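Protein chains in written order, with the working numbering: chain A, 1 to 113; chain B, 1 to 117.
For every residue, glycine included, the Cβ atom is placed at its ideal position computed from N, Cα and C.
Given the structure is predicted, the values throughout are model-derived calculations rather than measurements.
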Amino acid sequence: DQQVKQNSPSLSVQEGRISILNCDYTNSMFDYFLWYKKYPAEGPTFLISISSIKDKNEDGRFTVFLNKSAKHLSLHIVPSQPGDSAVYFCAASPLQGAQKLVFGQGTRLTINP
Amino acid sequence: DGGITQSPKYLFRKEGQNVTLSCEQNLNHDAMYWYRQDPGQGLRLIYYSQIVNDFQKGDIAEGYSVSREKKESFPLTVTSAQKNPTAFYLCASSRIGTFVENTGELFFGEGSRLTVL
């Protein structure tokens with residue numbers, strides 16, 4: 001039972017354009033969401049997070065949007081750069097600071113020059 | 001530099017052999033985790049520990065064992081009972097506590113790729 005789903009295994013975007021990565025979840029107890037970025041043969045690194053009390057969180061080129069009623073979140077990267085090419089995982093937890101994160105399957109983003 | 005160190009980075013073993021993956025952190029984090037990554041399946045939690053000498057099963061604990069004798073160390077043993085052990089294994093650590101300053105972020109090591117021949 002996949003509680004956190006990233007339905008697009010891959011996404012290709014032209015450099016300079018906007019990249020939008022999507023994530024859906026089924027567990028209504030999830031209250032805190034994180035995005036991680038992963039390069040091949042490396043561990044994931046934290047990118048940005050959002051609590052359910054907000055519907056948007058922005059950090060530089062990265063913005064995460066949360067639609068709690070739809071159980072959907074998205075990560076926007078503007079403008080996309082070649083270094084953004086990586087696998088992106090969304091993760092969810094029932095509480096900020098809670099330890100058990102549930103991860104989605106990941107989306108491989110490729111930024112084309 | 002503070003961080004998490006996993007070793008070895010690559011490991012080849014014959015079927016039926018137990019294998020132990022090392023994970024050490026110097027971030028002074030209370031919680032440590034082991035995840036497994038398979039293509040198309042994201043990261044799945046194997047075991048986690050919030051305090052020394054205590055650990056809990058994650059979603060796919062069968063065929064694995066762990067120990068937490070020191071705060072800094074959380075080794076994972078892949079036993080011969082694990083039916084499909086070939087995978088990329090990730091160790092992580094985090095602070096504990098649902099306080100505002102704790103983002104809940106997991107800090108990951110660089111991973112260990114285990115191939116069973």
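DSSP places residue 63/B outside both helix and strand once states are collapsed to three, so it counts as coil.
Contacts with chain A (Cβ-Cβ distance below 7 angstroms) from the segment 46–57 of chain B involve 48 and 50, listed in chain order.
DSSP, read as helix, strand or coil, puts residue 16/B in coil. Contacts with chain A at 7 angstroms (Cβ-Cβ) do not include residue 16/B.
A distance below 7 angstroms separates the beta carbons of residue 75/B and residue 20/B. Contacts with chain A at 7 angstroms (Cβ-Cβ) do not include residue 27/B. When Cβ pairs closer than 8 angstroms are counted between the two stretches, the segment 10–17 of chain B is seen not to touch the segment 38–46 of chain B, the count staying below three. Rounded to whole angstroms, the gap between the alpha carbons of residue 35/B and residue 82/A is 28 angstroms. Between residue 110/B and residue 9/B a beta carbon distance of about 7 angstroms is seen, short of the 8 angstroms cut, so the two are scored as contacting. Close to chain B, meaning a Cβ-Cβ distance shorter than 9 angstroms, are the following residues of the segment 32–58 of chain A: 32, 34, 36, 38, 41, 42, 43, 44, 45, 46 and 49. A residue is called buried once 16 or more other Cβ atoms fall within 10 Å of its Cβ, and residue 5/B, having fewer, is exposed. Around the C-beta of residue 29/A, fewer than 16 other C-beta atoms lie within 10 Å, and the residue is accordingly described as exposed.
Chain-order list of chain A residues neighbouring residue 105/B: 34, 46 and 49, by C-beta distance under 8 angstroms. Listed along chain B are 42, each with a C-beta nearer than 8 angstroms to that of residue 104/A. Taking 7 angstroms as the cut-off, the beta carbon of residue 82/B is found closer than this to the beta carbon of residue 63/B. Within 7 angstroms of the CB of residue 101/A, the CB atoms of chain B belong to 106, in sequence order along the chain.
Here DSSP, grouped into helix, strand and coil, assigns residue 54/B to strand. Judged by pairs of C-beta atoms under 8 angstroms, the segment 46–65 of chain A touches the segment 19–38 of chain A, as three or more such pairs exist. Exposure of residue 12/B is indicated by the presence of fewer than 16 other C-beta atoms within 10 angstroms of its C-beta.
Within the segment 45–79 of chain A, complete beta strand (DSSP E) segments of at least 3 residues are found at 45–51, 56–59, 62–67 and 72–77, given in chain order. At a Cβ-Cβ threshold of 7 angstroms, residue 4/A and residue 70/A do not count as neighbours.
Counting along the chain, no beta strand (DSSP E) covers residue 84/A, and no H or E run does either. Within the DSSP secondary-structure output, residue 92/B pairs in a beta bridge with 33/B and 108/B.
Secondary structure at residue 103/A: strand, using DSSP grouped into helix, strand and coil.
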